[in-house]
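**Q** Mind having a look at this structure? Questions to follow.
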Amino acid sequence: FDLQFYWDVTQIQSVENIDWGTLEPGATGDVTLYVKNPNPLGVYLCAAWDEATWAPPGAEQYFTFSWDQPGDRILKAGYAQRVNMHLQVHPDITGVENFTFDIIINVDDDPY
Numbered sequence: 001f002d003l004q005f006y007w008d009v010t011q012i013q014s015v016e017n018i019d020w021g022t023l024e025p026g027a028t029g030d031v032t033l034y035v036k037n038p039n040p041l042g043v044y045l046c047a048a049w050d051e052a053t054w055a056p057p058g059a060e061q062y063f064t065f066s067w068d069q070p071g072d073r074i075l076k077a078g079y080a081q082r083v084n085m086h087l088q089v090h091p092d093i094t095g096v097e098n099f100t101f102d103i104i105i106n107v108d109d110d111p112y
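Take the sequence shown: its position 35, counted from the start at 1, is 35 in the UniProt record's numbering, and no numbers get skipped.
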């Protein structure tokens, strides 16, 4: 299954990466984007980060990622859904000035 991600409801500005901005200890960064299902079938989505892609290694212990797309909500064929993603920084974070990681969106035709 394929998905498309956009910054705007009109689906013109595609998402290449997410800049969470400057996040202080204890803060939460929020982004809103639109995920489109160009497939001929409805799909279910599940998001997580890929621990192997974190830079610097070990930084993931200071963050919690979430989004508001339940795994039992279907994204109909041809439709786009607004999605809010959240990245919370642990209040005791140390030694991390900059970071990168990959968000993995799993797609299935059965609910998660």
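In this text, a Cβ means the ideal position worked out from N, Cα and C, and glycines have one as well.
1) Can you look up residue 113 in the DSSP assignment and give me helix, strand or coil?
2) With a cut-off of 8 angstroms, do at least 3 Cβ pairs link the region 14-25 to the region 50-59?
3) Three-state secondary structure (DSSP) at residue 99?
4) Do residue 81 and residue 112 come within 8 angstroms of each other at the CB atom, strictly closer than that value?
5) If you draw a straight line from the C-alpha of residue 43 to the C-alpha of residue 74, how long is it?
6) With a cut-off of 8 angstroms on the beta carbons, I'd call residue 39 and residue 77 a contact; round off their distance for me.
7) Rounded to whole angstroms, how far is the Cβ of residue 28 from the Cβ of residue 88, which I believe are closer than 8 angstroms?
**A** The answer reads as follows:
1) The question about residue 113 has no answer, for the chain in this structure spans 1 to 112.
2) no
3) coil
4) no
5) 5 angstroms
6) 6 angstroms
7) 4 angstroms
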